[in-house]
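Residue numbers (full-length UniProt numbering): 1 to 176.
Backbone N, C-alpha and C fix where the C-beta goes; we use that ideal spot for every residue, glycine too.
First up is the structure itself, then whatever we jot down about it.
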């Protein structure tokens with residue numbers, strides 16, 4: 001299956017929202033309750049992504065993985081660190097999200113998406129990027145570590161009615 005990695009455009013919003021919801025359901029089914037996952041809404045995520053496109057940050061980058069026929073099967077985005085993460089994440093920029101559908105995982109797409117966003121952040125002058133991952137999500141943690149991420153701080157909070165713990169991962173970025 002040939003999959004193109006490209007910059008997202010506004011016309012991708014619905015596909016990104018669908019992957020966002022399905023990606024949560026597939027990736028977190030072993031960590032979150034069925035009730036929490038059932039409460040996810042493609043319509044809600046569509047509105048969220050429409051807002052992001054309405055007020056784009058030129059320093060951010062959102063990439064999609066597009067299968068033949070135009071189907072969005074994954075995405076990753078990152079940019080300047082959000083205010084709520086500035087103190088705890090310990091990085092200058094952050095990966096906001098990365099999701100792939102299960103059927104396209106383990107084909108190098110996640111690595112290509114992450115590399116595209118991390119390289120962009122490095123070109124923006126950032127020396128580091130961070131992200132949060134569920135502590136129990138060992139496959140994702142192994143993926144981030146294979147890309148050079150190092151674990152750091154932890155935080156606990158309520159996620160859709162369920163207590164969870166996240167671990168921060170930090171990536172050192174190279175400058176062009």
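- A Cβ-Cβ separation of about 21 Å leaves residue 127 out of contact with residue 133 under the 8 Å criterion.
- A residue is called buried when at least 16 other Cβ atoms come within 10 angstroms of its Cβ; residue 156 does not meet this threshold and is exposed.
- Selection 147, 56, 153 and 47 evaluated against residue 115 yields 147 as nearest (Cα-Cα).
- If you draw a straight line from the Cα of residue 48 to the Cα of residue 100, it is about 18 Å long.
- Annotation for residue 27: no beta strand (DSSP E) segment contains it, though the alpha helix (DSSP H) segment containing it runs 13-27.
- In the DSSP assignment, residue 140 falls within the alpha helix (DSSP H) that extends over 138-146.
- Rounded to the nearest angstrom, the gap between the Cα atoms of residue 151 and residue 113 is 20 Å.
- The three-state secondary structure of residue 53, taken from DSSP, is helix.
- Taking 8 Å as the cut-off, the beta carbon of residue 93 is found closer than this to the beta carbon of residue 121.
- Closest in alpha carbon position to residue 143, among 171, 164 and 161, is 171.
- In the three-state DSSP reduction, residue 152 falls in the strand class (E or B).
- In its chain, beyond the 5 residues on either side, 64 and 72 have a beta carbon closer than 7 Å to the beta carbon of residue 12.
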